[in-house]
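First residue of the sequence shown? That's 13 in this note's numbering, and the numbers climb one at a time after it.
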Amino acid sequence: MRTTVVLDNDVAAAVAALRRQRAVGVSEAVNTLVRAGLQAKSERKAFEQRTHHLGLRVDVTNVAEALEQLDGPDHP
């Protein structure tokens with residue numbers, strides 16, 4: 013497939029560096045870098061938020077009551 017693309021300066025520099033390093037053409041260098049990017053993306057682990065039980069339960073059905081319980085009755 014033949015397509016025209018405009019590369020940002022940093023990407024063009026990476027393509028040029030790979031071409032010098034491996035003595036390959038532009039198409040092969042771009043394909044190698046794209047494949048590496050796709051592979052790295054698929055290997056990322058999904059973010060998981062760790063939580064800890066603090067022993068505190070707050071019923072939030074009544075917001076004013078929940079705020080009073082969390083802030084204290086004397087909080088303005």
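Where is the CB? At the ideal position from N, CA and C, for every residue including glycine.
Quantities reported herein were computed from a predicted structural model and do not represent experimental measurements.
Query, Result
"Under the three-state DSSP convention, the category Glu-60 falls into", "coil"
"Proximity to Ala-76 [Cα-Cα], best of Thr-16, His-87, Ala-35", "His-87"
"Backbone CA spacing between Thr-73 and Gln-61 [nearest angstrom]", "25 Å"
"Classification of Val-42 by the beta-carbon crowding that lies within 10 angstroms, buried from 16 upward", "buried"
"Buried or exposed by the 16-neighbour rule on C-beta atoms within 10 Å, applied to Val-70", "exposed"
"Cβ-Cβ distance between Arg-31 and Val-38 below 9 Å", "yes"
"Cα-Cα separation, Leu-50 to Arg-14", "20 Å"
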